[in-house]
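**Student:**
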Amino acid sequence: MKKYLVIKNKKLLPSLSVLMAFMLLGSNYSYAAVSCDTNTCTNDDVLPSTGAGTSSATWVFNNNYNGMAVTNTSTGAITSESTGILVGGNNVVSITNNGAITTTQSETGSWNDSGIRTEGTITELINSATIKSWKFGVFVNSGLVKDFTNTSTGVISSTSSAAIEDTGTIETLTNDGTISGYNTGVILEGNGSITNLVNNGVITASNATTQWFGSSIFLNSASAKIGTITNNNLITTDKYGILNYGTIGTINNYGTIETASTGILSYGNIAEINNYGSITTTTLSNGQGIFLGNTNTVSSNTINNYGAILAKKSSGIDVNNNTLIINNQGTVTAAKQGIYVENAASGALINNSGTITGDTGSINIKSANASVYNSGSLIGDVSLGASSSLYLLGSQATVDGDVSGGDTSLLSIGTSDAASSFDAKTTENVTVNKITVAEGSSLNLYDTNAWTASSTDADAFLNKGLVTLYGDTTLTSNVTNNGTILLNGNTNGRYNTLTVSGDYVGNEGYLVLNAALAGDTSTTDKLLITGDASGTTHVTVNNLGGGL
C-alpha cells in the first residue's frame with residue numbers, strides 16, 4: 001500500500017525510507033507530497049533544499065536500496081543549491097524524470113553539485129524533461145549507469161561546466177533530445193567509460209575560451225574509453241566536435257558534425273572513423289575536418305569517408321601518427337590541403353574513388369613510404385614524400401594540378417593488376433623519381449605537359465603500355481619503351497614531336513608516326529633524342545597523302 005506523506009522541518013517520518021532535506025524559508029516551511037512503497041518512490045510536487053555539498057542533497061538514496069524505482073512526475077520539481085538526486089554507493093535504483101531537476105549553486109559551490117549524481121548503480125535513467133545544473137547535469141561519480149536515455153523532449157544542461165560528467169561507467173547512452181554544456185556536452189575523466197554512445201538529437205557546447213572548452217564530446221584522460229560513438233543527427237560546438245585523449249573504438253557519423261574548429265581531434269587512440277554524413281568546420285584557422293595527432297595510434301588503420309568533409313579554413317584530413325589507411329568514396333574539400341599526411345605518419349595508404357579538393361593541394365604527403373591509389377578526382381597539386389607513390393587507376397582518374405615527389409617517388413599509370421587510361425591534359429607538370437605506364441594502360445600527353453623523371457636509371461620513364469601524343473611533348477628523363485609510343489593521336493592534320501631529354505632504350509617496343517612522304521621535304525612526326533639511343537624499336541609509318 002502506498003503512503004502519502006507531508007514532510008516538514010527537515011525531519012523524516014519512520015515510514016519513509018528515503019532521506020530528504022527541505023528548504024526553510026523564514027517562519028514558513030516548504031513541503032512536498034511523496035508516494036513510496038518498498039519498490040517505488042514518486043514525487044509530484046516541489047522538493048527544495050538549501051546549502052552546498054552532498055549533505056544538502058534534496059533526494060538521497062543511501063540505505064542499501066536494491067531495485068527502487070524513482071519517478072519525478074511532470075508536476076514534480078526538485079530544486080537544490082547542491083545535488084538534486086544522490087544515489088549512494090550501495091544502492092541500485094532506476095530513475096525516471098518527467099519534471100524539472102534544477103541546481104543553482106554559485107561558483108563557490110562543490111565540484112559535486114549535480115542534477116543527478118550516482119556513486120551506486122542506476123539500472124535505467126530516463127530523462128524526458130529538464131535536468132539543469134550549475135556544475136553537472138548528470139554526474140556518474142565512479143558509479144554505474146546501465147541504460148541512460150535522454151528522450152526527444154529531454155534537455156540536460158550545465159551553466160558552467162559539463163552537461164554529463166562521467167568518471168564511472170555508462171553502458172549505453174542514447175540521446176534523442178538535447179545535451180548542452182557550457183564547457184563540454186559529455187566529458188569522461190579518470191577511468192570514465194561509455195560502451196555505446198548514440199546521438200539522435202543534439203550534443204553541443206558553447207564556451208571556447210581555453211584549449212578544450214567548447215567540446216561536444218571530450219575524453220580528458222588517457223584511461224577514458226568509449227567503445228562506439230554513433231551520431232545520427234547533430235554534434236555542434238564553438239570548438240571541437242569530438243576531442244580525444246583516451247581510447248575510442250569506432251566513430252560512426254551518419255548525421256552532421258559542425259564546429260568552429262576541428263570536427264574530430266585525437267591525441268589518443270581511435271580504432272576506426274566512418275563518415276557517412278557531413279563534417280564541416282567553419283571559422284577557426286586550425287579547424288581540420290579530422291586531425292589525428294602524433295601520439296595517436298589507429299589500431300585498424302582506417303578512416304572511411306563516404307560522405308562530405310568540408311574544412312573552410314584548414315585541411316580536410318590531417319594525420320601525424322602511425323601507419324593508417326584513408327579510404328575516400330565521398331568528397332573532401334579544404335581551404336588548405338584536402339589530405340595532409342605529416343612526417344610521423346610513415347607508410348600511409350590513401351584510396352580515393354571520390355573527389356579530394358584542396359586550395360593548396362589535394363594531397364600533401366611529408367612522410368615516407370606512402371601510397372596513393374586514385375580512381376577518382378584529385379583537384380589541386382599532389383606532393384609525395386620520399387619512397388611514396390601515386391597510382392592512377394581506371395578510366396575516371398583525374399589530377400587537376402601538378403605532381404611532385406621526393407627521392408624514389410613514383411607516378412604509375414595503372415598497375416599490373418589494374419589498368420588505367422589517363423588523360424594528362426590537366427596534369428601539366430610532373431617531377432618525380434620514376435614514371436611508369438603499366439602493361440594494358442594508356443597515357444595521353446599534350447603540348448602543355450612537362451614531365452620529369454629524375455632517376456638516372458635507364459627505365460626512369462618506363463612504358464609498358466600505350467603513350468599517345470596530342471601535341472609536342474618533352475620527357476625530361478631516360479626512357480625505356482617496352483610498349484607502344486603513338487606520336488600522333490590528332491585528327492586535325494598536325495604533326496607532333498616527342499623530345500626525350502635523356503637516353504632512349506627500345507626493348508622490343510613500337511613507335512608509330514604519321515608522315516606525308518615526299519622525299520627530303522616530307523612532313524612527319526618526330527622522335528628527338530638528346531642522349532644515346534639503343535635497343536630495338538619497331539617503327540610503323542602511316543603515309544598521310546604523301547607522293548611516295
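In the numbering used here, the protein residues as written are 1 to 548. By construction, the Cβ of each residue, glycine as well, lies at the ideal position given by its N, Cα and C atoms. In this text, all values refer to a predicted model and were calculated from it rather than measured experimentally.
Assign SER404 to one of three DSSP states: helix, strand, or coil.
**Tutor:** Note: SER404 maps to strand in three-state DSSP.
**Student:** How long is the line joining the alpha carbons of THR54 and PHE136, rounded to whole angstroms?
**Tutor:** Summary for THR54: the model assigns pLDDT 44, below 50, so the residue's position carries little reliability; its value from the coordinates is reported in the next sentence. Taking the straight line from one Cα to the other gives about 13 Å.
**Student:** Select from ILE365, ILE203 and ASN274 the residue whose C-alpha is nearest the C-alpha of THR302.
**Tutor:** Looking at the Cα atoms, ASN274 is the closest of the given residues.
**Student:** Excluding the 5 residues flanking ILE435 on each side, which residues of the same chain have their C-beta closer than 6 Å to its C-beta?
**Tutor:** If we look at ILE435 and ignore the five residues flanking it on each side, its Cβ neighbours are LEU411, ALA453 and PHE461.
**Student:** Just to confirm my understanding: we take LEU12, look at its own chain, exclude 5 residues before and 5 after, and list those with CB closer than 6 Å. What are they?
**Tutor:** Note that LEU12 has pLDDT 31, beneath the 50 cutoff, so the model's placement of it is unreliable and the number below is only indicative. So no residue of the chain qualifies.
**Student:** Grouping DSSP H, G and I as helix and E and B as strand, with all else coil, what is ASN352?
**Tutor:** Reduced to three states, the DSSP call for ASN352 is strand.
**Student:** Just to confirm my understanding: we take GLY502, look at its own chain, exclude 5 residues before and 5 after, and list those with CB closer than 6 Å. What are they?
**Tutor:** Around GLY502: SER477, ASN478 and GLY531.
**Student:** Among ILE413, ASP113, ILE350 and THR333, which has the Cα closest to the Cα of GLY380?
**Tutor:** Minimum Cα distance to GLY380 is reached at THR333.
**Student:** Tell me which residues share the same chain as ASP44 and place their Cβ nearer than 7 Å to its Cβ, disregarding the 5 neighbours each side in the sequence.
**Tutor:** Contacts found: ALA33, THR73, THR75 and GLY76.
**Student:** Just the Cα atoms here: how many angstroms apart are THR71 and THR123?
**Tutor:** The alpha-carbon atoms of THR71 and THR123 are separated by roughly 13 Å.
**Student:** When burial is assigned at 16 or more other CB atoms within 10 Å of the CB, is VAL539 buried or exposed?
**Tutor:** Result: exposed.
**Student:** Figure out for me which residue from TYR65, GLY263 and GLY255 has the closest Cα to the Cα of SER216.
**Tutor:** Per the Cα distances, GLY263.
**Student:** Could you give the first and the last residue of the continuous beta strand (DSSP E) run that contains ALA438?
**Tutor:** Counting along the chain, ALA438 falls outside any beta strand (DSSP E), and DSSP gives it neither H nor E.
**Student:** When the distance is taken between beta carbons, is ASN220 closer than 9 Å to ASN199?
**Tutor:** Cβ atoms of ASN199 and ASN220: not closer than 9 Å.
**Student:** With LYS239 and THR259 assumed to form a contact (beta carbons below 8 Å), what rounded beta-carbon distance in angstroms separates them?
**Tutor:** Contact flag correct, Cβ pair sits at about 7 Å.
**Student:** What's the gap between the Cα of TYR470 and the Cα of ASN482?
**Tutor:** Distance between the alpha carbons of TYR470 and ASN482: 20 Å.
**Student:** Looking at GLY293 and THR281, is the spacing between their C-beta atoms short of 9 Å?
**Tutor:** Not closer than 9 Å, so no.
**Student:** Ordered along the chain, which non-local residues of its own chain (more than five positions away) have a Cβ less than 6 Å from that of THR79?
**Tutor:** Contacts found: PRO48 and THR102.
**Student:** State the CB to CB distance for the pair THR228 and ASN253, rounded to an integer number of angstroms; the pair is presumed to be in contact (CB under 8 Å).
**Tutor:** Going by Cβ atoms, the distance from THR228 to ASN253 rounds to 12 Å, so no, they are not a contact pair.
**Student:** Candidates LEU511, SER389 and THR355: which alpha carbon is nearest SER371's?
**Tutor:** For SER371, the nearest C-alpha among the options comes from SER389.
**Student:** So the beta strand (DSSP E) GLY549 belongs to, where does it begin and stop?
**Tutor:** Absent from the model: residue 549. The displayed extent of the chain is 1 to 548, so no value can be given.
**Student:** Contact check, ILE156 vs ILE131 under 8 Å by CB: the rounded distance?
**Tutor:** Yes, they are in contact, since the Cβ atoms of ILE156 and ILE131 sit about 5 Å apart, within 8 Å.
**Student:** Taking its Cβ as the centre, do 16 or more other Cβ atoms sit within 10 Å of SER416, making it buried, or is it exposed?
**Tutor:** Flag for SER416 reads exposed.
**Student:** May I ask you to list the residues that DSSP assigns as paired with GLU428?
**Tutor:** The partner list for GLU428 (beta bridge, DSSP) is empty, contrary to what the question assumes.
**Student:** With H, G and I counted as helix, E and B as strand and the rest as coil, what does DSSP make of GLU119?
**Tutor:** The answer is coil: DSSP assigns GLU119 none of H, G, I, E or B.
**Student:** Is it buried or exposed for LYS225, if we count other Cβ within 10 angstroms and need 16 for buried?
**Tutor:** Looking at its Cβ environment, which holds 16 or more other Cβ atoms inside 10 Å, LYS225 is buried.
**Student:** Of the choices LEU188, PHE213, ASN244 and GLY177, whose alpha-carbon is the least far from that of ASN232?
**Tutor:** If we check each option's Cα against that of ASN232, GLY177 comes out closest.
**Student:** Taking VAL132 as part of the beta strand (DSSP E), name the residues at either end of that continuous run.
**Tutor:** Going by the sequence as given, residue 132 is Lys instead of Val. Taken as a continuous stretch (DSSP letters only), the beta strand (DSSP E) holding LYS132 covers 130-133.
**Student:** Helix, strand or coil for GLU258? Go by DSSP, reduced to three states.
**Tutor:** In the structure shown, GLU258 sits in a strand (DSSP, three-state: E or B).
**Student:** Pick helix, strand or coil for LEU125, following the three-state DSSP scheme.
**Tutor:** Of the three classes helix, strand and coil, the one that applies to LEU125 here is strand, per DSSP.
**Student:** In whole angstroms, what separates the C-alpha of ASN449 from that of GLY385?
**Tutor:** For ASN449 and GLY385, the distance between alpha carbons rounds to 22 Å.
**Student:** Do the CB positions of VAL140 and GLU165 come within less than 9 Å of each other?
**Tutor:** Result yes, Cβ atoms of VAL140 and GLU165 sit closer than 9 Å.
**Student:** By Cβ distance, which residues of its chain are closer than 6 Å to ASN305, with the 5 residues on each side in sequence left out?
**Tutor:** The residues are ASN275, ASN328 and GLY330.
**Student:** Thinking SER383 and ILE365 are a contact (beta carbons under 8 Å), I'd like their distance in whole angstroms, please.
**Tutor:** That pair is a contact at about 6 Å.
**Student:** State buried or exposed for ALA533, treating a residue as buried only when at least 16 other CB atoms are found within 10 Å of its CB.
**Tutor:** So ALA533 counts as exposed.
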